[in-house]
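Numbering (our numbering), first residue to last: 16 to 571. Every residue, glycine too, gets a C-beta built ideally from N, C-alpha and C.
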């Protein structure tokens, strides 16, 4: 491998510039997405949004309609609203800034564990992973969880290098917040000591216990809040038992949130009862459960971005940054798995990375595979993928042709495996039609007419007589100088709503633009009569002036 070098400020600055420019560019595209100014009502985001509003208004419990989720992210959003005002756009800027620091931490961790080239590769792989960018602009905890996770790994590395009290405190707080954000990631810290402390190391055990003590102390406020809200012990996230039982049903596909596999009464279930049901399934149907975990493993590393609340396929329409090969998770996962298979990483501190990778992978597989659940594991896999690339190029330089060819072939096979179309094809969102209309109207409002045509056309396929869609489509076609197609759409609108004065007015204007004065005159006269009938004299007078103009042109 390349020799480990000291951190050069120039490289750190260049990684910062790359991360900042990437997010600035994405923001210029994202502003035309309706979610830029809009929290969709039927999503978990709305639950966080209302809870944050309540906290900003003085509700210390930050109550939300469901109170199912860990409240840490709700407090995080609510505190931002309280300090800065309830400005959604400012909050996106804040989350994107947090994303910049996540990229920098990926670089620094890789630099600590490996070398400069591996660190650069890792930072690039994470920075341009499209779903990570997408979720930095969405009100869900994925971006905060990702930041807290990589920060925790970085601080643990620093503690082991230089065990100062301040670093121990910082690591404990970071890990505590990481677990409070999504409790299943606690599995990382159950696995980590087993990996790192073998063989037994009394000094490091003491450090781990000190960090754990700090983390446990900082659990207390939200555990108490959970008791006040739910009247019982809740490990931060009240939806945990229900989610675990959905994701561990023998007939469950392995991806997405499957309502049909919900366990009755799971939301009010205690942890002991949940574990009893889980064990019954494992013991009663071991082969089916094994098949389930094999499916989950495949989907975990595949290119499919299983949607829930927000669909990556819909967001891809807004930015070329989400359409690059680096947005395909199978590239990162295949590189990382290739590195693991060829054991490219050695050294005691690398066990920390293994612990985070393994722990969070198990934590996700225990529940179910969603695009947003997978985001927090990407930094660790990107770091290891970067080191795999570094090792591959090192072996090429050393003329280790057989080992290089083996790595290339294995990685290529994995990429092909994780992109099998039958298993990785996207699924249509249930709210796709509503969102396509919002996308189209938003693009039209921002005068991006050519971009509006595609989502509106998609919507027309399923709703051929939808009047608002037809009107928006006609306007987009008109503004992009596709007059003939626009006229056909307006003619259809006239058939659907013959008494609408505005439609006749627009159609007349289109015919006039095409110099078909006879049809322009006919529709404008009809428009004038309808405006007068509706007692809209202003528009009726405008139509009358146009009638005079078209009459003269028709005589010519």
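Counting only residues of its own chain and dropping the five nearest sequence neighbours on each side, residue 552 has no CB closer than 7 angstroms to any other CB. Note: residue 325 is bridge-paired with 323 in the DSSP secondary-structure output. Per the Cβ contact rule, the stretch 245-261 is not in contact with the stretch 304-314 (fewer than 3 Cβ pairs under 8 angstroms).
Under the three-state reduction of DSSP output, residue 435 falls in the coil class, being neither helix nor strand. The beta carbon of residue 507 sits closer than 7 angstroms to those of 485, all from its chain and outside the five residues before and after it, given in chain order. Along the stretch 83-160, the alpha helix (DSSP H) occurs as fully enclosed runs of 4 or more residues at 87-99, 103-128, 131-142, 145-151, listed in sequence order. For the 7 angstroms CB-CB criterion, residue 125 and residue 401 form a contact. In this structure the stretch 214-224 does not touch the stretch 149-158; the number of beta carbon pairs closer than 8 angstroms is below three. For residue 34, same chain residues with a beta-carbon under 6 angstroms away, outside a window of 5 residues either side, are 115, 118, 142 in chain order. Counting only runs that start and end inside the stretch 281-347, there is no beta strand (DSSP E) element of at least 3 residues. The way I'd put it, the stretch 340-349 does touch the stretch 387-400; three or more beta-carbon pairs between them come closer than 8 angstroms. Between the stretch 173-189 and the stretch 198-205, the count of C-beta pairs closer than 8 angstroms stays below three; the two stretches do not touch. In this structure residue 195 does not touch residue 248 by the C-beta definition: roughly 15 angstroms separates them, more than the 8 angstroms allowed.
In the three-state reduction of the DSSP assignment, residue 226 falls in the helix class, which pools H, G and I. Under a 10 Å Cβ-count criterion, residue 343 is classified as buried, with 16 or more other Cβ atoms of the shown protein chains found around its own Cβ. Take residue 562, set aside five residues on each side of it, and the residues of its chain with a beta-carbon closer than 8 angstroms to its own are 536, 539, 540, 543, in chain order.
A distance of 7 angstroms or more separates the beta carbons of residue 58 and residue 338.
Boundaries cannot be given for residue 80, as no alpha helix (DSSP H) includes it and DSSP labels it neither H nor E. The residues 256, in chain order, have a CB closer than 7 angstroms to that of residue 286 in the same chain once the five nearest residues on each side in sequence are set aside. Distance from the CA of residue 425 to the CA of residue 415, rounded to the nearest whole angstrom, comes to 16 angstroms. Secondary structure of residue 512 (DSSP, three-state): coil. Taking C-beta atoms under 8 angstroms as the contact rule, residue 369 and residue 210 qualify, at a distance of about 6 angstroms. Our two residues, residue 263 and residue 69, have alpha carbons roughly 34 angstroms apart in a direct line. In this structure, residue 147 places its C-beta atom within 7 angstroms of the C-beta atom of residue 390. Approximately 16 angstroms separates the beta-carbon atoms of residue 315 and residue 353; this is outside 8 angstroms, ruling out the contact.
A straight line joining the alpha-carbon of residue 231 with that of residue 190 spans about 10 angstroms. Here residue 89 is buried. Its C-beta has 16 or more other C-beta atoms within 10 Å. Residue 321 is not a Cβ neighbour of residue 381, given a cutoff of 7 angstroms. Pairing residue 222 with residue 175, the inter-Cα distance amounts to about 8 angstroms. The C-alpha of residue 466 lies about 22 angstroms from the C-alpha of residue 340. For the 7 angstroms CB-CB criterion, residue 192 and residue 163 form a contact.
DSSP links residue 270 through a beta bridge to 384.
Buried is the label assigned to residue 422, since at least 16 other Cβ atoms lie within 10 Å of its Cβ.
Within the model, the alpha-carbon separation for residue 44 versus residue 145 is close to 13 angstroms.
Distance from the Cα of residue 364 is smallest, within the candidate group 242, 27, 219, 410, for 219.
For residue 69, the enclosing alpha helix (DSSP H) starts and ends at 59-71.
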